[in-house]
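J.: Here you go, one structure.
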Amino acid sequence: MPCLYDEYLALQPEAVRSLENSRRGGHFAHAFLVHSPDIEARREFPIVLAQIAGCPASRDGRPDTSCEYCRRLENGTYIESVTL
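In our numbering, the protein residues as written are 111 to 194.
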């Protein structure tokens with residue numbers, strides 16, 4: 111089963127690669143506004159964004175996606191993740 115990161119890398123490669131480059135270069139913004147007419151994308155893309163921003167097992171800006179941090183974000187059990 112593909113993870114959200116892989117799905118969004120295929121759907122929005124420029125956006126995902128740009129975020130990875132920002133993290134790798136140490137220029138990651140402190141806040142983002144996610145805007146889309148697609149309600150599913152508004153729910154899912156922030157998870158991918160958080161994985162890119164905070165994955166402790168990140169490889170060159172790319173999240174590991176199998177570490178506990180990434181898995182908990184994706185399955186909704188990361189305690190500090192709040193959806194508004």
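Beta carbons are placed, not taken as given, at the ideal position from N, Cα and C, and that holds for glycine.
With distance defined between alpha-carbon atoms, name the residue in 186, 172 and 155 nearest to residue 145.
T.: If we check each option's Cα against that of residue 145, 155 comes out closest.
J.: Are residue 114 and residue 190 touching if we call contact CB-CB under 8 angstroms?
T.: Not a contact, by the Cβ cut-off of 8 angstroms.
J.: Give every residue of the same chain whose Cβ lies closer than 6 angstroms to the Cβ of residue 131, excluding the five residues on either side of it in the sequence, and list them in chain order.
T.: Here the set comprises nothing.
J.: Can you tell me where the alpha helix (DSSP H) with residue 184 in it begins and where it stops?
T.: Start and end: 178-185.
J.: The alpha helix (DSSP H) spanning residue 161 covers which residue range?
T.: Element bounds for residue 161: 149-164.
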